Amino acid sequence: MPLMLLMVLPFAAALMLALGARGGRRMHVGIAAGASAAGLALLLLAAPAVLAGTPLTARIAWIPALGLDLSLWLDPLGLLFAGLILGIGLLVVIYAQGYLAKAEPTGRFLSFLMLFQGAMIGIALSNNILLMLIFWELTSLSSFLLIGFWRDRADARQGARMALAVTGGGGLALIAGMLLLGQAAGSYELATILTRGAVVQASPLYPAILTLVLLGAFTKSAQFPFHFWLPHAMAAPTPVSAYLHSATMVKAGVFLLARLWPVLAGSDLWFYLVASTGLVTMLFGAGVALFRNDLKTILAYSTISQLGLMVMLLGFGTPAAATAAVFHILNHAAFKAALFMNAGIVDHETGTRDIRRLGGLAALMPLTATLGTLAVAAMAGLPPLGGFISKEMMLEQSLHAAQDGRSWLVPLLATIAATLSVAYSLRYATAQFFGRRATGDVAAPHDPGMAMIGPSIVLVLVALGFGLLPMTIAGPLVRAATGAVIGGSPPALDLALWHGINPALGMSALAVVIGALLLWRRAPVARWLDGRPALDAKRLFDGAMAAIVARSRDASLAIHAPSLQRYLFMLFAVAVLFGIDAALTPGGLPAGTRATLPASPVAVVAWFALVVATGIVVAMQRQRFLALVFISVIGLVIALAFVHLSAPDLALTQIAVEVVTILLMLLALHLLPKVPPQLSSLPRRSRDALLAAVAGIGTGWAAWAVMTRDLRDTVSSFHWANSYPGGGGTNVVNVTLVDFRAFDTLGEIIVLGIAGLAIYALLEPAARGTAGRRLREWRHDMPHSPERHPMMFVMATRLLLPLALLVGLYIFLRGHNQPGGGFIAALVVSIAILLQYLASGFDWTDDRRRIGEHPLIAVGVLIATATGLGSLVFGARFLTSSFGYFHIPLVGEVELATAMFFDTGVACVVVGAVMMALAQLSHVAQRAARNRDQADEETSA
Amino acid sequence: MSLEFLIASGIAVLTAGGVYLALRGRTFQVVLGLTLLSYAVNLFLFAIGRLVVDRPPLFAKGVTDYADPLPQALVLTAIVITFGMTALVVILSLRSFLESGSDQVDGIADAVPGPGQDRA
Numbered sequence: 002m003p004l005m006l007l008m009v010l011p012f013a014a015a016l017m018l019a020l021g022a023r024g025g026r027r028m029h030v031g032i033a034a035g036a037s038a039a040g041l042a043l044l045l046l047a048a049p050a051v052l053a054g055t056p057l058t059a060r061i062a063w064i065p066a067l068g069l070d071l072s073l074w075l076d077p078l079g080l081l082f083a084g085l086i087l088g089i090g091l092l093v094v095i096y097a098q099g100y101l102a103k104a105e106p107t108g109r110f111l112s113f114l115m116l117f118q119g120a121m122i123g124i125a126l127s128n129n130i131l132l133m134l135i136f137w138e139l140t141s142l143s144s145f146l147l148i149g150f151w152r153d154r155a156d157a158r159q160g161a162r163m164a165l166a167v168t169g170g171g172g173l174a175l176i177a178g179m180l181l182l183g184q185a186a187g188s189y190e191l192a193t194i195l196t197r198g199a200v201v202q203a204s205p206l207y208p209a210i211l212t213l214v215l216l217g218a219f220t221k222s223a224q225f226p227f228h229f230w231l232p233h234a235m236a237a238p239t240p241v242s243a244y245l246h247s248a249t250m251v252k253a254g255v256f257l258l259a260r261l262w263p264v265l266a267g268s269d270l271w272f273y274l275v276a277s278t279g280l281v282t283m284l285f286g287a288g289v290a291l292f293r294n295d296l297k298t299i300l301a302y303s304t305i306s307q308l309g310l311m312v313m314l315l316g317f318g319t320p321a322a323a324t325a326a327v328f329h330i331l332n333h334a335a336f337k338a339a340l341f342m343n344a345g346i347v348d349h350e351t352g353t354r355d356i357r358r359l360g361g362l363a364a365l366m367p368l369t370a371t372l373g374t375l376a377v378a379a380m381a382g383l384p385p386l387g388g389f390i391s392k393e394m395m396l397e398q399s400l401h402a403a404q405d406g407r408s409w410l411v412p413l414l415a416t417i418a419a420t421l422s423v424a425y426s427l428r429y430a431t432a433q434f435f436g437r438r439a440t441g442d443v444a445a446p447h448d449p450g451m452a453m454i455g456p457s458i459v460l461v462l463v464a465l466g467f468g469l470l471p472m473t474i475a476g477p478l479v480r481a482a483t484g485a486v487i488g489g490s491p492p493a494l495d496l497a498l499w500h501g502i503n504p505a506l507g508m509s510a511l512a513v514v515i516g517a518l519l520l521w522r523r524a525p526v527a528r529w530l531d532g533r534p535a536l537d538a539k540r541l542f543d544g545a546m547a548a549i550v551a552r553s554r555d556a557s558l559a560i561h562a563p564s565l566q567r568y569l570f571m572l573f574a575v576a577v578l579f580g581i582d583a584a585l586t587p588g589g590l591p592a593g594t595r596a597t598l599p600a601s602p603v604a605v606v607a608w609f610a611l612v613v614a615t616g617i618v619v620a621m622q623r624q625r626f627l628a629l630v631f632i633s634v635i636g637l638v639i640a641l642a643f644v645h646l647s648a649p650d651l652a653l654t655q656i657a658v659e660v661v662t663i664l665l666m667l668l669a670l671h672l673l674p675k676v677p678p679q680l681s682s683l684p685r686r687s688r689d690a691l692l693a694a695v696a697g698i699g700t701g702w703a704a705w706a707v708m709t710r711d712l713r714d715t716v717s718s719f720h721w722a723n724s725y726p727g728g729g730g731t732n733v734v735n736v737t738l739v740d741f742r743a744f745d746t747l748g749e750i751i752v753l754g755i756a757g758l759a760i761y762a763l764l765e766p767a768a769r770g771t772a773g774r775r776l777r778e779w780r781h782d783m784p785h786s787p788e789r790h791p792m793m794f795v796m797a798t799r800l801l802l803p804l805a806l807l808v809g810l811y812i813f814l815r816g817h818n819q820p821g822g823g824f825i826a827a828l829v830v831s832i833a834i835l836l837q838y839l840a841s842g843f844d845w846t847d848d849r850r851r852i853g854e855h856p857l858i859a860v861g862v863l864i865a866t867a868t869g870l871g872s873l874v875f876g877a878r879f880l881t882s883s884f885g886y887f888h889i890p891l892v893g894e895v896e897l898a899t900a901m902f903f904d905t906g907v908a909c910v911v912v913g914a915v916m917m918a919l920a921q922l923s924h925v926a927q928r929a930a931r932n933r934d935q936a937d938e939e940t941s942a
Numbered sequence: 026m027s028l029e030f031l032i033a034s035g036i037a038v039l040t041a042g043g044v045y046l047a048l049r050g051r052t053f054q055v056v057l058g059l060t061l062l063s064y065a066v067n068l069f070l071f072a073i074g075r076l077v078v079d080r081p082p083l084f085a086k087g088v089t090d091y092a093d094p095l096p097q098a099l100v101l102t103a104i105v106i107t108f109g110m111t112a113l114v115v116i117l118s119l120r121s122f123l124e125s126g127s128d129q130v131d132g133i134a135d136a137v138p139g140p141g142q143d144r145a
């Protein structure tokens, strides 16, 4: 329970801060500091038990099928890390109160900061590597938000984007690595994985796992060559730099290496990849730091170097080196956070972070200078600070690595790195605080208030304590955490400033002396360097990003060309290729031996009509209306075929749909350009004709092959047998639609309704904007009857209306037992109403219409769905139908089935959708015609 | 000549015509092409149930020889959906013509002048 509370606290605080972003600054700081302090208190309460060797655990099943549970534990390593996160978090919140200007949105800032804190706590406490991944990504995201906090600044946005690209990219590699690790270990539970180091290292996946996990860790911990995002992340407000980019987030990679140490460490591959990366990073960072002039940039490169140190120590793979790494994590967190705060204070008071414009501040800001100098001493590894102890441990371990048969380069390069860090540290302190007075933009800077300086006092005292009383303050924690890292009993621990005269002490002393000399001779080198182009990975990164964007754009343009022709050609070609592939596979597509039916002369004539009509439609490029006439010939032939081939329902539907389709196209063609299109080039036409011929022959052959084979027993016999006894109807097609496969039908009418609404959405705004202007300028370009509404036509259609409605009703009612039903009835009714629109005009008809299309569609879908749900009330499954026979006086025996309600719904939707399409279309045409008439009247007047 | 051959060759002719028209560069031809293709597809689906003459799927006791009702039911809904699809495509091409002043779908810029200039 305390673990869950620990986990929830920062997120709850982030939510409260986000919701109360308009509240006062005091409230914001109170919430954030309160949550951090409460978390710290919980942690301290749990600490004794954890240090004594009993980790706390908590678990809530989340997605057990994926092996993903909300599984938390608190072991000494997690305790150390969570302590850093919460402790420094608390100090940073207090510092931020002094640092942020009055006008800054503290609510937003602290909300992001607490989000980050929660994510980091999640990494520290996760006992499930999938869960850890989620928090890992969350830290990248919150870091992005925090670096880009001053979103009006270009460097902040670019830095944020770069950090997200690098750490997020590493996160992707980490996801792959963790998934492989879970497979190799057979579990995603961290505690289980940690016991299976031998299994994982023996697995053939081990090199891949290691490489991917290291990519994740190295990008996060800014290891060479992924270090470049960290200096650019310095565009963040300084509290963020102190918190994320020195003390916690960048250490997540180190934490991950330590966490997975029992599983992954110990192999040669581990040593060479991890130790050499760390060594190179340490050297590189220290070297660059010496020649930078921005306070925060110097600190950023120093952080890179120090992270390299920790990574190298973990890479050595020995328990003693792991001890040194753990102790240095603590030391570095203390002095580097203090230094960032110090840099923030100097920036705040003098208005500059350029070390060349600063000097002699010790006299003006004595407290700041004292704290800064002490923290710098820790960074340089001078006694009596904790940094000295851990640096000496590092040098000793590098010697051990050489003695163990590794290269003698290790201690040599480690000493050079230590020398360089002494040099940049000394420069950092002396150039700012001593020597000639230079105070940036301000005449007389002074020490800031307690809110800003208090946190760094605490941190410097801790750093001092780590040096003077290391065993008392850090001993138990370092010992227990090391035990957790190496997954066994920790080695004997002897943290002390004085270990007698030994090689490490000699190396350390050498580093200090040469480092001081180096600083003395720095100026010529710096001048020489200033003359050359600055070595910045940012340009490489930007170039790479620009190239990626350009290639992606090329690729999407190549695939996503704005040509429907190309898409359709690809689509048809692929379909044809699949067909050819199927025909060529063994077995192929042979025709069967089923007896064929003789064709009557009438059938042959009809077929001939169809072929000729198709040919005319294809050839009719210039006469668009004529093409429509022949389209309807084809539809008619198909309807006749349905009649002949025992499908009366289909024939009725086909005829009715044919009528509305032709009406629709006539209306559309009315408005579409009737200019004959330019012909495509001959090769293009030949190519298309070839594809069309292959597609046609292939499809025809497939149809032939199907029809000449015998029909095996299909599900259709079930439909046949159960139609009357089960569905209460003799028209099996209709019963199938409204009963057996009613769910399909329900889906279909919903699709139809959506199509109707989409048509409305497309046409309704067509009267505005460019489209509206074009409509208003539209002119009749076809000869038309001088009489708008011919009287014969009007009278005939008005007489026909009641008759047609009656026919519709009749078709609807008989549908269950005889050909007919909701679909056909609805189409007949729609045609009857459409005729009124055609004959009497849009306005006349629209005025007399009682029900709109929208309600019709909605009511139809609702009725159909309600019918289906009704069966649930009676304990039957969705859309089960029921029927009974009732005796009505005078009428006689009548069958009533619930399927009829369903069919009513179907009919409503079909009428609604058809009317929507056609009425809307004629409305547009009507508007255009009216505009023209008005315009004509105006010109004639 | 058998009925099966007539249907199969009819499907072939409709498919070929449909594919060819759908590959043209103007919306109206594409719509016509899709209409032809729909006819072909519906006929093909129907033919899956085999051809039967004079045996409509109306249930009567003892009858065992009947046209397959299931493809018929599926094709019936397909015909109606085809209408919905055609209507949507027609309206879509109309609106796109009204917005852009061009009914081309081949991705090549049309030389049609903008509104206000074309029919002076």
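Protein chains in written order, with our numbering: chain D, 2 to 942; chain A, 26 to 145. Every residue gets a Cβ at the ideal spot worked out from N, C-alpha and C, and that includes glycine. None of the values given here were measured: they were computed from a predicted structure.
| Item | Value |
| --- | --- |
| Closest by C-alpha distance to residue 122(D), when choosing among 140(D), 105(D), 110(D), 32(D) | 140(D) |
| For residue 360(D), the residue or residues it bridges with in DSSP | 439(D) |
| Cβ shell of residue 808(D) (< 7 Å), same chain only, five flanking positions each side left out | 829 |
| Where residue 561(D) falls, given that 16 or more other Cβ within 10 Å makes a residue buried | exposed |
| Against chain A: residues of the stretch 747-766 of chain D by CB proximity under 8 Å | 749, 752, 753, 756, 757, 759, 760, 763, 764 |
| Span separating the alpha-carbon of residue 353(D) from that of residue 443(D) | 9 Å |
| Beta-carbon proximity of residue 644(D) to residue 628(D), cut-off 7 Å | no |
| Entirely enclosed alpha helix (DSSP H) segments - the stretch 743-811 of chain D, minimum 4 residues | 743-764, 770-777 |
| CB of residue 321(D) within 7 Å of CB of residue 77(D), strictly | no |
| Residue-chain proximity (residue 99(D), chain A), Cβ-Cβ < 7 Å | no |
| Chain D within 7 Å of residue 90(A), Cβ atoms only | no |
| Candidates 804(D), 108(D), 414(D), 906(D), of which the one nearest residue 287(D) by Cα | 414(D) |
| Contacts of residue 655(D) in chain A (Cβ-Cβ under 7 Å) | 104 |
| For residue 712(D), the nearest candidate out of 72(A), 122(A), 98(A) (CA to CA) | 72(A) |
| Any C-beta of chain D under 7 Å from that of residue 27(A) | yes |
| Residue 657(D) to residue 121(A) span [Cα, whole Å] | 28 Å |
| For residue 48(A), three-class secondary structure by DSSP | coil |
| Proximal residues to residue 6(D) (C-beta, below 7 Å), its chain only, five neighbours per side dropped | 43 |
| Start-to-end residues for the beta strand (DSSP E) that takes in residue 888(D) | 884-889 |
| Where residue 682(D) falls, given that 16 or more other Cβ within 10 Å makes a residue buried | exposed |
| Any C-beta of chain A under 7 Å from that of residue 701(D) | yes |
| CB contact check: residue 34(A) to chain D, cutoff 7 Å | yes |
| Interface partners of residue 126(A) on chain D, CB under 7 Å | 775 |
| C-beta neighbour in chain A for residue 648(D), strict 7 Å | yes |
| Pair within 7 Å by beta-carbon distance, residue 311(D) and residue 334(D) | no |
| Rounded straight-line distance, which links the Cα of residue 61(D) to that of residue 9(D) | 13 Å |
| Helix, strand or coil at residue 156(D) according to DSSP, with G and I counted as helix | helix |
| Within-7 Å CB hit, residue 109(A) to chain D | yes |
| Residue-level contact to chain D via CB, residue 115(A), 7 Å cutoff | yes |
| Bridge partner(s) assigned by DSSP for residue 59(D) | 73(D) |
| Own chain, CB closer than 8 Å to residue 44(A), minus 5 neighbours either side, in chain order | 58, 62 |
| Distance CB(residue 739(D))-CB(residue 865(D)) smaller than 7 Å | no |
| Contact with chain D by residue 95(A), beta-carbon distance below 7 Å | yes |
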